[in-house]
Amino acid sequence: MSAAAPSAPAVQTEGLTRTYGSMTALSSLDLTVNRGDLFGFIGSNGAGKTTTLRILSTFLVPSGGVARVLGRDVVTQAEEVRRIIGYMPDFFGVYKDMEVTEYLDFFGACYKIPAARREKTVADVLELVGLSEKRGSLIGALSRGMQQRLGLARVLIHDPQLLLLDEPASGLDPRARIEMMAILQELQRLGKTIIISSHILSELQTLCNRVAIIERGKLIYAGPVQGVRGQIQGGNVHRVRVAAEPERALEVCRSLPGVGQATLDEDGRIRVVLGGPSPDPSVLSTAIVQAGLRLTGLEEEEVGLEEVFLHVTKGETQ
Ligand SMILES: Nc1ncnc2c1ncn2[C@@H]1O[C@H](COP(=O)(O)OP(=O)(O)OP(=O)(O)O)[C@@H](O)[C@H]1O
Ligand SMILES: [Mg+2]
1163 MSAAAPSAPA VQTEGLTRTY GSMTALSSLD LTVNRGDLFG FIGSNGAGKT TTLRILSTFL
1223 VPSGGVARVL GRDVVTQAEE VRRIIGYMPD FFGVYKDMEV TEYLDFFGAC YKIPAARREK
1283 TVADVLELVG LSEKRGSLIG ALSRGMQQRL GLARVLIHDP QLLLLDEPAS GLDPRARIEM
1343 MAILQELQRL GKTIIISSHI LSELQTLCNR VAIIERGKLI YAGPVQGVRG QIQGGNVHRV
1403 RVAAEPERAL EVCRSLPGVG QATLDEDGRI RVVLGGPSPD PSVLSTAIVQ AGLRLTGLEE
1463 EEVGLEEVFL HVTKGETQ
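Numbering-wise (our numbering), the sequence shown opens with residue 1163 and increments by one.
Shown next as structure tokens:
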């Protein structure tokens, strides 16, 4: 394997673009995924998730820009990239009449794992995804959740450093989803970098340490899940209530640094959008009290993550 920069990120794209005829599926995407990340790639139908994952896994050539996987270029070093990634497509062929071990052994042979080692490798990956008991079953006799886990076992067979999983939890019932998420956490613990796509932001909020949201092929947000609300709404929304003189309290709030917007609600509360990298609502209470006003309430508006996501992606799908 060629000398790739040892500190190169797991994935780095610069200006990554893909067009289909006159349609731009991916538009100048700049994305960095660090080693060890469990990275959520979120977007609604047609946003460009599969296109991105297929480019990263060398199945699709970009129309412009570059993409590197652990420092290797996906176009000029495609062979090397294939060896270090495991790609699980959103739709994978079902070999219904094959037995579980036969299927994994077949893929092990494709990756040129010597026959003597394959048996142990197959047993290991089955153990990892919790399918050891089904080793002799026909694939067609497995439940959907088990088939998804088998798909995961298949991409683990050559011990790749980076897993690219296109909606691995789609179509699974809540229990199977939780099981899948637990397996992914275990894989992260074992040192793998994992990119998982989904169209449900809230599904990934506890699982992933970082997420990217794309819409119409453009990046809307990249960073920790906790930052999504702040960046997309322009800040966190707080409600301030004072015993009297709400207009004066409104002026106080407006004068504060970090306050993007402050308005007086019909019920006499002040709605304040607090921005900045780490908005601290205590600046509001301190300023109100220092102005000689009596603070009777300060609370953060709970906006569901899914609500925020729906708001930004509303009507944007192609
Ligand atoms: N082979 C193709 N030919 C023409 N257009 C395509 C092709 N593949 C994808 N597209 C278009 O590119 C855009 C992005 O598609 P992509 O499959 O990457 O989205 P996605 O985010 O994976 O969506 P989904 O959630 O539905 O899987 C869509 O508008 C789609 O119609
Ligand atoms: Mg897709």
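Backbone N, C-alpha and C fix where the C-beta goes; we use that ideal spot for every residue, glycine too.
All of these numbers come straight from a predicted model, not from anything done at the bench.
* Asked: For the stretch 1421–1470, which segments carrying the beta strand (DSSP E) assignment without a break, of at least 3 residues, lie completely within its bounds, in sequence order?
  -> Complete beta strand (DSSP E) runs here, min 3: 1421–1426, 1432–1436 and 1457–1462.
* Asked: By a C-beta neighbour count over all protein chains shown, 10 Å radius and 16 as the cutoff for buried, is H1320 buried or exposed?
  -> With 16 or more Cβ atoms within 10 Å of its Cβ, H1320 is classed as buried.
* Kindly examine ligand 2 and report whether one of its heavy atoms sits closer than 7 Å to the Cβ of T1212. => Ligand 2 has a heavy atom closer than 7 Å to the beta-carbon of T1212.
* Span separating the alpha-carbon of R1337 from that of R1316 -> Distance between the alpha carbons of R1337 and R1316 is about 22 Å.
* Asked: Do you know how far the Cα of L1352 is from the Cα of E1281?
  -> Each residue's alpha carbon lies about 21 Å from the other.
* Asked: Going by alpha carbons, who is nearest to E1348 out of L1369, S1364, D1328 and E1365?
  -> Nearest C-alpha to E1348 among L1369, S1364, D1328 and E1365: L1369.
* Do you know whose CA, among P1441, Q1310, D1192 and S1417, lies nearest V1173's CA? -> The shortest Cα separation from V1173 among P1441, Q1310, D1192 and S1417 belongs to D1192.
* Asked: Residues in its own chain within less than 8 Å of M1342 by CB, not counting five upstream and five downstream?
  -> The answer, listed in chain order, is G1307, Q1310, R1311, L1314, P1330, A1331 and L1334.
* May I have the straight-line CA-CA distance separating R1403 from R1431, to the nearest angstrom? => Whole-angstrom Cα-Cα distance: 5 Å.
* Asked: Considering only the beta carbon of each residue, do F1201 and R1372 sit closer than 8 Å?
  -> In contact: F1201 and R1372 (Cβ atoms closer than 8 Å).
* With 16 other Cβ atoms within 10 Å as the buried cut-off, status of D1328 -> Here D1328 is buried. Its C-beta has 16 or more other C-beta atoms within 10 Å.
* To do: Determine the burial state of K1274: buried for a count of at least 16 other Cβ atoms within 10 Å of its Cβ, exposed for fewer.
  => That one is exposed.
* How many Å lie between G1445 and S1417 at the Cα? -> Note that residue 1445 is Val in the sequence shown, not Gly. So the alpha carbons of these two residues sit roughly 11 Å apart.
* **Distance cut-off 7 Å: G1205 Cβ against heavy atoms of ligand 1** => Yes, the Cβ of G1205 comes within 7 Å of a heavy atom of ligand 1.
* Note down, in chain order, each residue of its chain lying with its Cβ closer than 7 Å to the Cβ of M1163, except the 5 sequence neighbours on either side. => Reliability of the predicted coordinates at M1163 is poor, the pLDDT of 47 falling under 50, and no value is obtained from them.
* Tell me which same chain residues have a C-beta within less than 6 Å of the C-beta of G1422, skipping the five on either side of it? -> Excluding positions up to five away in sequence, the list reads G1396, G1397, V1435 and G1437.
* Please confirm whether any heavy atom of ligand 1 lies closer than 7 Å to the CB of A1209. => Checking the 7 Å criterion, the Cβ of A1209 is within range of a heavy atom belonging to ligand 1.
* To do: Would you list the one or two residues that DSSP bridges to L1200?
  => Residue pairing from DSSP places L1200 in a beta bridge opposite I1356.
* To do: Return the CA-CA distance between S1447 and A1406, expressed in angstroms with no decimal places.
  => The alpha-carbon separation between S1447 and A1406 amounts to approximately 15 Å.
* **Beta carbon of I1376 nearer than 8 Å to that of G1177** => In this structure, G1177 does not lie closer than 8 Å to I1376 by Cβ.
* Asked: If you draw a straight line from the alpha carbon of L1232 to that of E1428, how long is it in whole angstroms?
  -> One C-alpha to the other measures close to 54 Å.
* Residue of E1289, T1283 and D1199 minimising C-alpha distance to G1385 -> Closest option to G1385, judged by alpha-carbon separation, among E1289, T1283 and D1199: D1199.
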